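Working notes, structure below.
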Amino acid sequence: WTQTLAPGAVVLRGFAAESAPALMQMIDQLTRVAPFRQMTTPGGFVMSAAMSNCGSLGWVTDVQGYRYARHDPLTGLPWPAMPLLFAQLAQQAAYEAGFPDFVADACLMNRYAVGSRMSLHQDKNERDFSQPIVSVSLGLPAIFQFGGMQRSDAVQRIPLTQGDVLVWGGPSRLRFHGVQAIKAGTEDYRFNLTFRKAG
Ligand code: MD3
Ligand code: FE
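With the sequence shown counted from 1, adding 34 to any position gets you the working numbering.
In C-alpha cells, the structure reads:
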C-alpha cells in the first residue's frame with residue numbers, strides 16, 4: 035500500500051521487502067569493489083554515515099565540495115555498474131508513484147552504524163529537479179525527518195523499516211530531510227539506497 039506524505043512524496047511500505055536479502059547481498063558485493071568510506075564535507079566534518087556508489091555517476095564530497103563523479107576517488111576506478119535488480123526496483127517504485135520515465139544513473143549506498151545520523155539538508159547536486167529520488171531502506175529501522183523548503187520549517191518524523199521505499203518528486207523534491215541517530219537493534223547497520231538521475 036501507498037501513503038502520501040506531501041504532494042510528490044510517496045511511501046511504498048514494504049515494496050522492497052522480498053528483494054531485501056538479494057539487495058543486501060549485492061551491496062556486499064559492490065562494496066568489495068568500491069568500499070564504504072566516511073567522506074568529508076566541504077566544511078571539514080567527517081560524515082557519520084559511510085558511503086559508496088554504483089551506476090555511471092557517484093555522489094562524492096570532500097573539502098572541495100559536493101559533486102557527482104564518474105570515478106571512485108578512493109580507487110580511481112569507475113563506480114561499479116548498477117545491478118539490474120537495483121535499476122528495475124527504482125523504476126518500478128517511481129512508476130507506482132507517478133513517474134513513469136525515471137531512469138536512475140546514480141545509486142548512492144549509505145551505511146549507518148548505531149549512533150550514525152544525517153543532519154537536515156537538501157539534495158540539489160542533480161541537474162534535473164523534475165526527476166524524483168527513490169530511496170530504499172534496509173537493515174535497522176530509522177526515523178526519517180521530512181521538513182519543508184526552509185531549514186527552520188517544522189519536520190515530520192517518519193519511521194522507516196526494512197523494505198520501505200520512498201519516492202520524492204514534484205514539489206517535495208527540494209525539501210529539507212535528515213535521519214535521526216540510529217538505535218541499536220538486531221542488526222549491525224541500516225543501509226539506504228538512494229537512486230537519482232544525476233546527469
Ligand atoms: C526527501 N539519505 O543520501 S534517503 C541522502 O536515509 C539522504 O540515507 C537519507 O538524504 C538516508 O542524501 C534519506 C531519502 C531522501 C532522499 C532524498 C530526498 C529523502 C528526500 C530529497 C528530497 C526530499
Ligand atoms: Fe538527502
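For every residue, glycine included, the Cβ atom is placed at its ideal position computed from N, Cα and C. Source: prediction; values computed, not measured.
Between R145 and F225, the gap from beta carbon to beta carbon is short of 9 angstroms. With fewer than three CB-CB distances shorter than 8 angstroms, the segment 40–52 does not count as touching the segment 79–95. Here DSSP, grouped into helix, strand and coil, assigns V170 to strand. The beta carbon of Y129 sits closer than 8 angstroms to the beta carbons of F136 from its chain, once the five residues preceding and following it are set aside; these are given in chain order. Assignment of beta-bridge partners to V213 by DSSP yields M152 and F178. For L200, the distance from the CB to the nearest heavy atom of the ligand MD3 is below 8 angstroms.
Across the set L119, S186 and L172, the C-alpha of L172 shows the shortest separation from the C-alpha of I216. Within the same chain, Y102, D139, A140, A232 and G233 come within 6 angstroms of L91 by CB-CB distance, once the 5 residues on both sides are set aside. The three-state secondary structure of S206, taken from DSSP, is helix. Taking a C-beta distance under 9 angstroms as the contact criterion, T228 and L142 qualify as a contact pair. Its chain contains S171 and P175 as the residues whose beta carbon lies nearer than 7 angstroms to that of T195, once the 5 sequence neighbours on both sides are disregarded; these appear in chain order.
DSSP places D96 inside the beta strand (DSSP E), whose first and last residues are G92 to D96. About 10 angstroms separates the Cβ atoms of L57 and A51, ruling out a contact at the 8 angstroms cut-off. In this structure the segment 186–193 does not touch the segment 115–130; the number of beta carbon pairs closer than 8 angstroms is below three. As DSSP reads the structure, T38 sits in a beta bridge with V44. If you ignore the 5 residues before and after A127, its C-beta comes within less than 7 angstroms of the C-beta of L46, F49, V168, V199 and V201, all in its own chain and listed in chain order.
Here V148 has I216 and A218 as same chain residues with Cβ atoms under 6 angstroms from its own Cβ, once five neighbours each way along the sequence are excluded. In this structure, the alpha-carbon of L208 lies about 28 angstroms from that of S53. In the same chain as G204, and ignoring 5 residues on each side of it, the C-beta atoms closer than 7 angstroms to its own belong to P41 and G42, in chain order. Annotation for A232 indicates a beta carbon at 8 angstroms or more from all heavy atoms of the ligand MD3. Placement of the Cβ of T228 at a distance of less than 8 angstroms from at least one heavy atom of the ligand FE is found.
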